[in-house]
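Below: the structure, in structure tokens.
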Amino acid sequence: MSEYNTILVEQRGAITLVKLNRPQALNALNREVEKDIRAAFAAYDADPSQRCLVLTGSEKAFAAGADIKEMQPQGFAEMYLPDWFGGWEHVSATRKPWIAAVAGYALGGGCELAMIADIIIAADTAKFGQPEIKLGVTPGIGGSQRLTLAVGKAKAMEMCLTGRMMGAEEAERSGLVAKVVPAADLVEEAMKTAEAIAAMPPVAAIAVKEMVNAAFEMPLAQGLRFERRLFHGLFGTEDQKEGMNAFAEKRPGNWKGR
Ligand code: CO8
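In UniProt numbering, the protein residues as written are 1 to 258.
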């Protein structure tokens with residue numbers, strides 16, 4: 001039923017569940033994975049029936065990095081001219097919320113892909129790392145930036161310079177992941193969070209995502225103004241009227257999505 005070679009995609013109600021599916025390479029991210037994920041995320045964004053997405057891997061690996069065997073023979077021009085892995089920027093431009101559900105290895109590009117997510121939920125088996133330095137390279141899909149923003153300079157520098165892995169507990173303590181759950185319950189727990197998000201008014205959900213992300217991109221004064229303008233803008237939606245009426249009438253909101 002899936003039209004992709006490297007991922008499995010299914011819709012469970014309002015949630016799109018995407019599973020990385022290259023077990024022979026621990027879900028290493030080659031260009032075909034990039035293309036498949038990009039298409040699946042674009043389809044999710046375009047489908048009004050879908051309100052949240054969960055991306056997961058296998059028990060052993062969320063993804064063990066960019067595909068080293070595919071990159072190994074390339075030269076500068078081969079990387080630079082096609083802007084190798086520039087397509088992941090389209091994934092980070094996904095407008096609707098999505099969750100990375102991580103078990104096992106999330107290394108290099110795998111850690112970077114998880115960090116593009118709006119929320120990371122980790123199994124107690126999760127191991128995060130940026131070991132690219134051991135290959136003579138560096139993070140290249142945002143790791144040096146997003147890891148630093150998430151856990152601070154000290155740990156990010158240490159991890160990127162030594163390639164050491166961070167376990168799930170430390171990742172939670174350091175602010176990299178929202179919560180840690182038993183490995184056996186990972187997808188179910190991520191689906192619960194996705195369902196909670198899917199039950200919210202969708203225009204406000206996208207507004208929340210935009211304003212939280214603005215905190216990483218804008219100076220505070222500009223971010224505060226951006227937040228307030230979006231807040232004002234929501235008073236032009238039917239869902240604001242419905243949400244506040246529902247509160248006054250002590251009933252759940254019935255969202256229109258506009
Ligand atoms: N790429 C390609 N193949 C991989 C990768 C990978 N990243 N990781 C694992 N595999 C393959 C192995 O080669 C092996 O294949 P085979 O059976 O054919 O030899 C299979 O998956 C199973 O792996 P292992 O036998 O190594 O499994 P272990 O349980 O012994 O070890 C590890 C698991 C520790 C995860 C180990 O596989 C490992 O160290 N993997 C590489 C981790 C790594 O270095 N990741 C970073 C890659 S570089 C990167 O992500 C750069 C991102 C930025 C790019 C930007 C470009 C612009």
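Glycine included, each C-beta is placed from N, C-alpha and C at the ideal position.
K241 has its alpha-carbon roughly 36 Å from the corresponding atom of I37. Distances taken from the Cβ of I37 to the heavy atoms of the ligand CO8 include none shorter than 8 Å.
For the options D47, V137, G65, I206, the alpha carbon positioned closest to that of K96 is the one of I206. Of all alpha-carbon atoms in L113, E158, R164, W98, the one lying nearest the alpha-carbon of G129 is that of R164.
By the C-beta density criterion, M115 is buried, having at least 16 other C-beta atoms within 10 angstroms. In the DSSP assignment, K179 is bridged to I121.
Taking C-beta atoms under 8 Å as the contact rule, A122 and A63 fail to qualify, at a distance of about 14 Å. Residue side-chain check: W255 keeps its Cβ at 8 Å or more from all non-hydrogen atoms of the ligand CO8.
For the alpha helix (DSSP H) assignment, the uninterrupted runs of no fewer than 4 residues enclosed by the region 198–242 are, from N- to C-terminal side, 202–214, 220–233.
By a beta-carbon distance limit of 8 Å, I7 does not contact L17. Their separation comes to about 10 Å.
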